[in-house]
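What follows is a short report on a single structure.
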Amino acid sequence: MDSMERTMRYSIFVLLSLSVAFGHADGQEPVDLEVIERIIEEGTERSQVMEHFNFLTNIIGPRLSATPAYKRAADWSTEILKGWGLEEVHLESWEYGRGWTLEGLTLEMTSPRYFPIIGFPEAWTPSTEGVLEGKPVYIGDWTTREISERISELRGKIILVAKPQSEFIKKDRLQPADFEESVTIGAPRFLPTEVPADRATLAQLLYQAGVGAVLRPSQGEHGTMFVLGRDNPETAVPTVITASEHYNMLVRLLESENPVELRVKIQSKFHEEDTNGYNVLGEIKGVDPEIGQEVVMVGAHLDSWHSATGATDNADASAATIEAMRILRALDIQPRRTIRVALWGSEEQGLHGSRQYVERHYSPEHLENRENFSVYLNHDPGTGAIYGWYMQENAAAKKIFDAWLKPLINIGARKNVIENIGSTDHLSFSRAGLPGFNTLQDYQDYDVRTHHTNMDFYERVSEEDLRENAIVIASFLYHAAMRDEKIPRVPIS
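Just remember that the numbering used here sits 44 ahead of the position in the sequence shown, which is counted from 1.
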């Protein structure tokens, strides 16, 4: 179905449904179908969402926290928002720490035959001391005591630190929109990598040993690698996550007493000239003299991990979120409440951007700000079309959201679910007692293939889904900004 046909079909739907517009007569939640139709037309016929998405993924690429690439994405976002006429557009900073960029990697088997190994260094890993060449040392079946006793054998060596990876992440989490009843979902269990000691103890031992580099297998298969990292300068050694199949091959060769030789070189750079984290903020001012100071908010995290371009986590959501703001500005919407957008920094390291924002502006001592806050809408985990929202056990809000969702069924919306979802930025708000809800999407190939992996690229995202997601967000922002009352709250649990 092309965009014109989709718009025409929706227009027919609107004409057949005008009797429920605003819904005041029978006490239903007001829904403005005329504005929804305008939002759909703007978001379908004149969408710019793929331009935003392309710039974030292909032009800028990975956006690891506190790196020049992340700052470039933040600066670009502010210019985009200013260009559309949003007000109070600015960066809000906080102290984060140093950033890190990979500048080069060599990872090769040179004996018993030449073979390039698929791998990617963990974030914040230090550089190797030049090129390391030689026979790797496999310690996957050593005990902690053996490592301590043989520590001198490890200095400067390439270490295979884990047993062969035998379990893999094979299934995405459940698809909540496919079930008649609501379901609580979560990411698949993070599978263990079998190492001789707990992570902290092993890291300390390897650091004390002065190893040259460490290779670990991924929990992914078919060349997919889950690559994270943390800045631990006290115990950091050069570390590369390798494709599980390639890692397992190396271990089997060593166990067969083949003359395995590797060549490894990591070139990385730490960024200490600017150790700030940054959030991007902008707004469309509310015009109602009574409630114009109240805030309806939407956000998505702008940062990503480093081994791909962060397409499904979270450039797609960032692009759709700012596109929703563009749609509202293009329609010259005059919201009763202020509509504020945020692109968060450092979500991947612990929701730092949103937590800093909430603590700075909505902690208990900021009583007036809290009283003027209506709702926060977050767009993060998953990919595909927005089916609805996780309602965080807020039954009163769900009734409202159900009414707002119903006119969007024709473009892919399905249902809201009462359950919670964790591990993303709406929690910074809900934990502070403020209504915060996250988008409900599908997870096709998300947990298995793209989430935090080296395969999270542009091709994994559908243009139609991004257009529709921007439309859904714009519609919900509009209705939240226009209703008489703020969104109901639930007590902090």
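C-beta atoms are modelled at their ideal positions from N, C-alpha and C, and glycine is treated no differently.
* So what does DSSP say about Asp509, is it helix, strand or coil? -> helix
* Do Thr283 and Pro165 have their C-beta atoms within less than 9 Å of each other? -> yes
* Asked: Which value, in whole angstroms, describes the spacing of the CA atoms of Ser226 and Ser210?
  -> Reliability of the predicted coordinates at Ser226 is poor, the pLDDT of 46 falling under 50, and the value obtained from them is presented with this limitation in mind. Approximately 33 Å, taken between the alpha carbons.
* To do: Could you say which of Leu484, Pro156, His523 and Pro74 lies nearest to Leu306 if we only look at CA atoms?
  => Pro156
* To do: Give every residue of the same chain whose Cβ lies closer than 6 Å to the Cβ of Ser91, excluding the five residues on either side of it in the sequence, and list them in chain order.
  => Arg511
* To do: Could you please give me the residues that DSSP links to Asp486 through a beta bridge?
  => Thr427
* According to the neighbour-count rule (16 or more other Cβ atoms, all chains shown, within 10 Å of its Cβ), is Ser467 buried or exposed? -> exposed
* **Beta-carbon contacts of Trp128 that lie in its chain and below 6 Å, excluding the five residues immediately before and after** => Arg370 and Arg373
* If we ignore side chains and look at the alpha-carbon of each, how far apart do Leu294 and Leu146 end up? -> 24 Å
* Asked: Three-state secondary structure (DSSP) at Val93?
  -> helix
* **Residue(s) in a DSSP beta bridge with Phe164** => Ile285
* **Sequence ranges, beta strand (DSSP E) only - wholly within the segment 374-419, length at least 3** => 382-388
* Given that a residue counts as buried once 16 or more other Cβ atoms are within 10 Å of its Cβ, and exposed if not, what is Ala344? -> buried
* Which partner residues of His523 appear in the DSSP bridge assignment? -> DSSP lists no partner for His523.
* Going along the chain, which residues of its own chain have a beta-carbon closer than 8 Å to the beta-carbon of Ser348, five neighbours each way excluded? -> Pro106, Arg107, Leu108, Gly354, Asp357, Asn358, Ala359, Glu392 and Asp500
* What separation, rounded to the nearest whole angstrom, lies between the Cα atoms of Ser288 and Ala206? -> 11 Å
* To do: Work out the CA separation of Asp491 and Tyr175 for me, nearest whole Å.
  => A small correction: the amino acid at residue 175 is Val; Tyr does not occupy that position in the sequence shown. One C-alpha to the other measures close to 34 Å.
* Asked: According to the neighbour-count rule (16 or more other Cβ atoms, all chains shown, within 10 Å of its Cβ), is Gly148 buried or exposed?
  -> exposed
* Asked: What is the C-beta distance between Trp138 and Gly321, in whole angstroms, given that I count them as a contact (C-beta under 8 Å)?
  -> 5 Å
* Rounded C-beta distance between Leu346 and Leu421? I'm assuming under 8 Å. -> Actually they do not touch by this definition, with Cβ atoms about 16 Å apart.
* Asked: Smallest Cα separation from Leu298: which of Phe417, Leu204, Glu136 and Ser519?
  -> Leu204
* Asked: Is there contact here, the segment 243-257 with the segment 180-196, by at least three beta-carbon pairs under 8 Å?
  -> yes
* **Spatial distance of Trp388 from Val324 (CA atoms)** => 7 Å
* **DSSP-derived helix/strand/coil call for Ser545** => A query on residue 545 cannot be resolved here, the shown segment of the chain reaching from 45 to 537 and no further.
* Please check the pair Leu125 and Ile366, which I expect to be a contact at CB under 8 Å, by giving their CB distance rounded to whole angstroms. => 7 Å
* **Sequence-distant residues of its chain with Cβ nearer than 6 Å to Thr279 (five each side left out)** => Ala247, Gln248 and Tyr251
* **Classification of His266 by the beta-carbon crowding that lies within 10 angstroms, buried from 16 upward** => exposed
* To do: Please state if the CB of Ile310 and the CB of Thr169 are separated by a distance shorter than 9 Å.
  => yes
* Tell me which same chain residues have a C-beta within less than 7 Å of the C-beta of Glu507, skipping the five on either side of it? -> Met94
* To do: Give the DSSP-derived three-state secondary structure of Ala280 in the structure shown.
  => coil
* Asked: Which stretch, first to last residue, makes up the beta strand (DSSP E) that contains Thr145?
  -> Gly143 to Ser155
* Provide the residue(s) that pair with His134 in DSSP beta bridges, ordered along the chain. => Leu325
* To do: Return helix, strand or coil for Trp433, following the three-state DSSP convention.
  => strand
* To do: May I ask you to report which of helix, strand or coil DSSP gives Phe159?
  => strand
* **Beta-carbon spacing of Thr268, Gly336 below 9 Å** => no
* **Distance, Phe212 Cα to Ala364 Cα** => 32 Å
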